[in-house]
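Notes to accompany the following structure.
There are 2 protein chains.
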Amino acid sequence: MNRKILLKSRPNGMPDANNFEITEATAPDPKDGELRIKALYISVDPYMRGRMSDAKSYAPPFEVGKPIQGGIVARVLESRADNFKAGDVVLGRIDWQEIQTVPASAVTKIEEGKAPLSYHLGILGMPGLTAYFGLLKIGNPKPVETVVVSGAAGAVGTVVCQIAKIKGCRVVGIAGSDEKLAYLKNELGVDDVINYRTTKDIKKAIEETCPNGVDIYYDNVGGEISDAVISHLNKYARVVICGQISLYNATDMPTGPRLQPLLLKRSVLMQGFIVSDYADHVTEASQQLNQWVSEGKLKYEETIVEGFENLPETFLGLFEGKNTGKYLVKIAE
Amino acid sequence: MNRKILLKSRPNGMPDANNFEITEATAPDPKDGELRIKALYISVDPYMRGRMSDAKSYAPPFEVGKPIQGGIVARVLESRADNFKAGDVVLGRIDWQEIQTVPASAVTKIEEGKAPLSYHLGILGMPGLTAYFGLLKIGNPKPVETVVVSGAAGAVGTVVCQIAKIKGCRVVGIAGSDEKLAYLKNELGVDDVINYRTTKDIKKAIEETCPNGVDIYYDNVGGEISDAVISHLNKYARVVICGQISLYNATDMPTGPRLQPLLLKRSVLMQGFIVSDYADHVTEASQQLNQWVSEGKLKYEETIVEGFENLPETFLGLFEGKNTGKYLVKIAE
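First to last, the protein sequences are chains Y and A. Under this note's numbering, the residue at position 200 of the first sequence is numbered 200, and the numbers go up by one with no gaps. When you read off a place in the second sequence, starting at 1, and then add 1000, the result is the number in this note's numbering.
This is the structure:
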């Protein structure tokens, strides 16, 4: 049986399993320029929450009754397109469907054998590029500067922490479990860590772990954690707004301290971005990330769930911080 | 009689006349390397409110019992310093005092005859440079972009509006009286205006005056006006945080909507700054401002109060928006 997963209804606040529906799917014979492909790995990413709502954002909303779409690594079963043949591995942002027929233009070929295929959904894909661009193009880290990373144990955060170490920075990671913190310190070489779930006074924790203040804040999370970090920013600090996962499920307009007076007093730069803003730099970034991975300078962790039917639950787990590193679902070999 | 004005006490919230004290002053005979100078014009600027508090900011706090300091144009009465002679005109950020003795290093000489001397406290001085750097170095305006300026009729805002017009932008100015709005439209060529005191729905007013959204927001004011403008920012918009006058007298931490989700969705840059961040570019900026002024491309308005004793009241008037253009006090010919 071939299956797909639809957006059944739009969530109001935190999404749950009822917002998704698994149904039977078909994959018609490919026409000229099309491929029939079989999903191997499907990515779950926090930004997808935005597409479940119909609010204006950088990606168009999913349509109710239509498949969820996301990053997928797939194998070509049958090709009627130039430059693709059966057996090739491809990457695309396409439907959550086990076997599907797509225009060849919806995917790009990826090289098999150099790195695990799943890496193309993580460190060698969108999350890795996001980490690279946000930290290097906006954060512009200099040696001995202090970099604080929220969501430090996630798909993007783990890469940010390591690139910041490569650049000679002091790195403080914020995450939500002691296992994650141990991973950050012991495996990734992060200098200091904060457990936001058990630390009573985050501001004090920032003060203690950042005795020289904060020069770069790479923010995946938002909310009160960000308030605490921002209150310790140094003159000329940079705030990289990559994600705001703590606010994605808010039903009212979230409020908090007004930041502009502090940004003014300390000449702070705050910049939101998405990976496609730096499309012109993808080649440079991919080469560098590949090199660091092959040299062992960038370690990479994945939390892999098996089974297509587990996609909704895995996606929902992002908002509980169930993953260390990249969270994804393995569909087939 | 020679007089000076001291910070008598720190304000809690809005400052008033009781925070200032006028006392008799002396100006001892200058020693080697010193000048005796007589104030001609003294500037009042919103940033000075910050120095009345003892909170950490970009300029050190005034000391209680010591003179207020600010921008002053003065004439040299007596010089014991190389490169200065009696009759020279100088500019410095020095004590609010009619006649004083200062190290020559505390002031710079300014050229007499090219522009009115008071311009060096405004369009050819700190406010003009602030407008120039914030708009051009951070805002980076491109033709036909929409620029919204809060505090548009103030010393900085009037210059920002005009430079934005020189750069081919659509300019919308926000100010607090119909006289100011008429000045902006009729004298400065601003495309559209909003009276924040009488407009009931600022968000709607922004929507109506900015049909193509907002590309650059030059913010002198902060608070709810900024909330309204920011909600209409376009993709890749730039927010120049120059001032936050609506919040300078707040006694509690001001709160408002959390901005990061919107900055993220629309890839917005928000940057705080002060003029000294661009010290390396002062020569370029001064030449350009002088040229625009001499060509008549930059018009300039001043609200001039006479009498040293009126300095505190004039300063307090900034927070009521009493000025159009630069607000300053004339002390002597």
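Ideal Cβ positions, reconstructed from N, Cα and C, are used throughout, including at glycine.
By the Cβ test, the segment 165-172 of chain Y is not in contact with the segment 195-204 of chain Y, since fewer than three Cβ pairs between them sit closer than 8 angstroms.
About 5 angstroms separates the CB atoms of Y/Y132 and Y/A285; that is less than 8 angstroms, so the two are in contact.
For A/S1226, the C-beta contacts it makes with chain Y under 9 angstroms involve R258, Q260, in order along the chain.
Rounded to the nearest whole angstrom, the CA to CA distance from A/P1060 to A/D1252 is 21 angstroms. Within chain A, the residues whose beta carbon sits less than 8 angstroms from that of Y/P254 are P1257, R1258, P1261, listed in sequence order. The three-state reading of DSSP puts A/K1167 in coil, since its state is none of H, G, I, E or B. A distance below 7 angstroms between beta-carbons, with the five flanking residues on each side excluded, links Y/P67 to the following residues of its chain, in chain order: K4, I5, L6, D95, W96, Q97. Counting only the Cα atoms, A/K1008 lies some 6 angstroms from A/E1021.
For Y/S267, the closest Cβ of chain A is nearer than 8 angstroms. Membership of A/P1046 in any beta strand (DSSP E) is not indicated, and neither H nor E is assigned to it by DSSP. Against chain Y, the beta carbon of A/G1113 has no neighbour under 8 angstroms; the closest one sits roughly 36 angstroms away. Excluding sequence positions up to five before and after A/I1241, its CB lies within less than 6 angstroms of the CB of D1219, G1272, all in the same chain and listed in chain order. The count of Cβ pairs closer than 8 angstroms, one atom from the segment 1021-1038 of chain A and one from the segment 1099-1112 of chain A, reaches three, so the stretches are in contact.
Listed in chain order, the alpha helix (DSSP H) runs fully inside the segment 123-187 of chain Y are 126-132, 155-166, 178-182, counting runs of at least 4 residues. By the criterion of at least three beta-carbon pairs nearer than 8 angstroms, the segment 177-185 of chain Y is in contact with the segment 313-325 of chain Y.
Note that the C-beta distance between Y/G223 and Y/N195 is not below 8 angstroms. The CB of Y/L247 comes closer than 9 angstroms to the CB of R1258, Q1260, P1261 in chain A, given here in chain order. Under the 8 angstroms criterion on CB atoms, A/F1273 is classed as interfacial with respect to chain Y. No residue range can be given for Y/V190, since it is assigned to no alpha helix (DSSP H) and is classified by DSSP as neither H nor E. By alpha-carbon distance to A/K1114, the top candidate from A/D1054, A/N1290, A/P1046 is A/N1290. Taking all protein chains shown into account, Y/N19 has 16 or more neighbouring C-beta atoms within 10 Å of its C-beta and is therefore buried.
For A/D1277, the chain Y residues whose Cβ falls inside 7 angstroms of its Cβ are S267, in order along the chain. Per DSSP, reduced to three states, the secondary structure at A/I1072 is strand. When secondary structure is reduced to three states using DSSP, A/G1092 falls in the strand class.
Among the residues facing chain A, Y/G71 is not included, as its CB has no counterpart in that chain under 8 angstroms away. Looking at the backbone, the Cα of A/G1317 and that of A/E1301 are separated by about 17 angstroms. A/V1073 and A/L1124 do not touch by the CB rule: their CB atoms are close to 11 angstroms apart, not below 8 angstroms. The Cβ neighbour count for A/R1258, taken over all protein chains shown within 10 Å, is at least 16; the residue is labelled buried.
Annotated as proximal: A/A1081 and A/A1104, with beta-carbon spacing under 8 angstroms. By the Cβ-count criterion, Y/P211 is exposed, with fewer than 16 other Cβ atoms from all chains shown falling within 10 Å of its own Cβ.
Taking CB atoms only, Y/M52 has no neighbour in chain A less than 8 angstroms away.
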